[in-house]
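In the numbering used here, the protein residues as written are 4 to 149.
Given below as structure tokens:
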């Protein structure tokens, strides 16, 4: 992940609400410089209808596709990272008149900046995230954490 903090107990840092962290992707990762990782991913549709007249089509209101790019530097006790993702959701074509409350798209960004005090075994970091969910008819939602 892009954040430095480990939140294994409380679930405060749910990064997948900002940028999806699992699923089928096609990606490229570059690790040519010591400690620097650059990456780009194309997120593929996650669920498809198996039967009926819409067989093979993406299920309504699940991920249709997405793009993610990011960079993370972790060397010389310095940690810095940033990522951006845009995730598109399939609209419900069976009920085009009822789009209220339906997700259309999520734009998210995550960042981290930290320093590792190796002699003390201590990591001090600042993690942040921002996401904007675009809905079809309802007001767009914004959320963030620091």
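For each residue, glycine too, the CB sits at the ideal point set by N, CA and C.
Worksheet item: Would residue 93 be called buried (16 or more neighbouring beta carbons within 10 Å of its own) or exposed?
Response: Working through the chain shown from its first residue, we reach residue 93 at position 90. The residue in question, residue 93, is buried, as its Cβ has 16 or more Cβ neighbours within 10 Å.
Fill in: Burial state of residue 67 (16 or more Cβ within 10 Å)
Against the chain shown, residue 67 aligns to sequence position 64. Buried.
Item to complete: Grab me the residues of residue 26's own chain with a C-beta within less than 8 Å of its C-beta, minus the 5 sequence neighbours each way, in chain order.
Response: Here residue 26 refers to the residue found at position 23 when the chain shown is read from its first residue. Within the same chain, residue 26 has close Cβ partners 46, 47, 49 and 66.
Discussion item. Could you compute how far the alpha carbon of residue 84 sits from the alpha carbon of residue 75?
Written reply: As a working note, residue 84 is residue 81 in the chain shown. As a working note, residue 75 is residue 72 in the chain shown. Answer to the nearest angstrom: the Cα atoms are 4 Å apart.
Fill in: Residues that DSSP places opposite residue 91 in a beta bridge
In the chain shown, the residue the question calls residue 91 occupies position 88. Answer by DSSP bridge pairing, in chain order: 68 and 108.
Worksheet item: DSSP state of residue 145, grouped into three classes?
Response: The residue labelled residue 145 in the question sits at position 142 within the chain shown. Strand at residue 145.
Practice prompt. Going by DSSP, name the residue or residues bridged to residue 77.
Written response: In the chain shown, counting from the first residue as 1, residue 77 sits at position 74. Residue 77 is bridged to 82.
Fill in: Proximity below 8 Å, CB of residue 20 to CB of residue 134
For this step, residue 20 is matched to residue 17 along the chain shown. For this step, residue 134 is matched to residue 131 along the chain shown. Yes, these two residues count as a Cβ contact at 8 Å.
Practice prompt. Quick one: give me the first and last residue of the beta strand (DSSP E) that residue 28 is part of.
Written response: For the purposes of this step, residue 28 is identified with residue 25 of the chain shown, where counting begins at 1. Taken as a continuous stretch (DSSP letters only), the beta strand (DSSP E) holding residue 28 covers 28 to 33.
Worksheet item: Start and end of the beta strand (DSSP E) containing residue 42?
Response: On the chain shown, position 39 is the one that residue 42 refers to. 39 to 46 is the extent of the beta strand (DSSP E) around residue 42.
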